[in-house]
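Each remark here refers to the structure printed beneath this line.
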Amino acid sequence: MPLNSSPVTTNLESLRIKQQASFGKMHVHVGFYGGLIPGNLEDLPALIDHGILGIK
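In my numbering, the protein residues as written are 6 to 61.
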């Protein structure tokens, strides 16, 4: 879930942190969801461009 984890996935920086943490450690395909919160609407296009599976 994008909002009940650390870091919350509400911008590109937090998505990259999660992607880097999982890189090289998984043996399956991994994907992340972005979180929609007040004030981050402008961050959503970058999250989408970098492969989030959806927005919650």
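Don't be surprised by glycine CBs; every beta carbon is placed ideally from N, CA and C.
query = Residues in its own chain within less than 8 Å of Gly36 by CB, not counting five upstream and five downstream?
reply = Gly56, Ile57, Leu58
key: Reduced DSSP secondary structure (H/G/I, E/B, other) of Ile22   = helix
message = Comparing C-alpha positions only, which one of Met6, Ile53, Leu8, Asn16 sits nearest to Asn45?
response = Asn16
query = In three-state DSSP terms, what is Ile57?
reply = coil
key: Burial state of Ile8 (16 or more Cβ within 10 Å)   = In the sequence as displayed, the identity of residue 8 is Leu instead of Ile. It counts as exposed.
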